[in-house]
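**Q**
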């Protein structure tokens, strides 16, 4: 395929993905806004008034980066896993598989679509947070870099989940039993420095901790972990997941019978 033809394939998949989540905005964009607003009210206002400050930052302000990142993670993952598995289930994916389009182009199209949804939801949740707390941005570049990389990583994760999924129940197993617990234990509502030593060490094994803290550093200049190391973790996850997904696509794992 020529570069122009590859671009057409890529842009077509991205456009399909964007139109898809915008067309059903009441199911893709509205629920996370409502859910995160409830978190702002319950944890930020009611519980936050009892907590006070964490690392010199008002509790409401402290949890905003974590809640924004939670929305980004969930929506990036959900967009790709649901869309790609639906294509498998409806067997429309076969049209792409028999085309001369390289596997990495197909993966990139779905991942960019998931990344865009994650970023759109993240921006909407951040705009809602303005009603509760005046925004402060310490380093805009790091804020943008962490949200983009995190969206890419979990879009790639959603793609892998969809490749292995054999029925609709398989689509929700990983988010329910792995992704959600890791997110809640990733320092969204607390600093790991407030935990006992043993649980601090356990928390360091949670990759989402590095994503949330790197994102929080972009806002307030505070982090429980080294920001440079957090970026390295994100780049490594993106690279590994990309390679694995390309391998799975080339081998036809979960796609060819």
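Residue numbers (this note's numbering): 195 to 451.
Cβ atoms here follow ideal geometry from the backbone N, Cα and C, with glycine treated the same way.
Please report the straight-line C-alpha distance between residue 342 and residue 447, rounded to a whole angstrom.
**A** 28 Å
**Q** State the DSSP-derived secondary structure class of residue 327, mapped to helix, strand or coil.
**A** In the structure shown, residue 327 sits in coil (DSSP, three-state: anything other than H, G, I, E or B).
**Q** On the three-state DSSP scale, how would you describe residue 420?
**A** coil
**Q** From the DSSP output, in three-state form, read off residue 218 for me.
**A** If DSSP states are grouped into helix, strand and coil, residue 218 belongs with coil.
**Q** From residue 487 to residue 253, what distance separates their C-alpha atoms?
**A** Outside the modelled stretch of the chain, which goes from 195 to 451, sits residue 487, for which no answer is possible.
**Q** Which one or two residues does DSSP pair with residue 333 in a beta bridge?
**A** Answer is none; residue 333 lacks a bridge partner.
**Q** To the nearest angstrom, how far is the alpha carbon of residue 269 from that of residue 312?
**A** 5 Å
**Q** Would you report the Cα separation of residue 281 and residue 422, rounded to the nearest angstrom?
**A** Per the coordinates, the alpha-carbon of residue 281 lies some 38 Å from the alpha-carbon of residue 422.
**Q** Using a 10 Å radius around the Cβ and a threshold of 16 neighbouring Cβ atoms, would you call residue 413 buried or exposed?
**A** Per the 10 Å Cβ criterion, buried.
**Q** Report the rounded CA-to-CA distance for residue 160 versus residue 273, giving the unit in angstroms.
**A** Any answer about residue 160 is impossible in this case: the structure gives the chain only from 195 up to 451.
**Q** Can you give the Cα-Cα distance for residue 293 and residue 356, rounded to whole angstroms?
**A** 20 Å
**Q** Under the DSSP definition of a beta bridge, which residues are partnered with residue 252?
**A** 247
**Q** Find out if the Cβ-Cβ distance for the pair residue 444, residue 301 is shorter than 8 Å.
**A** no
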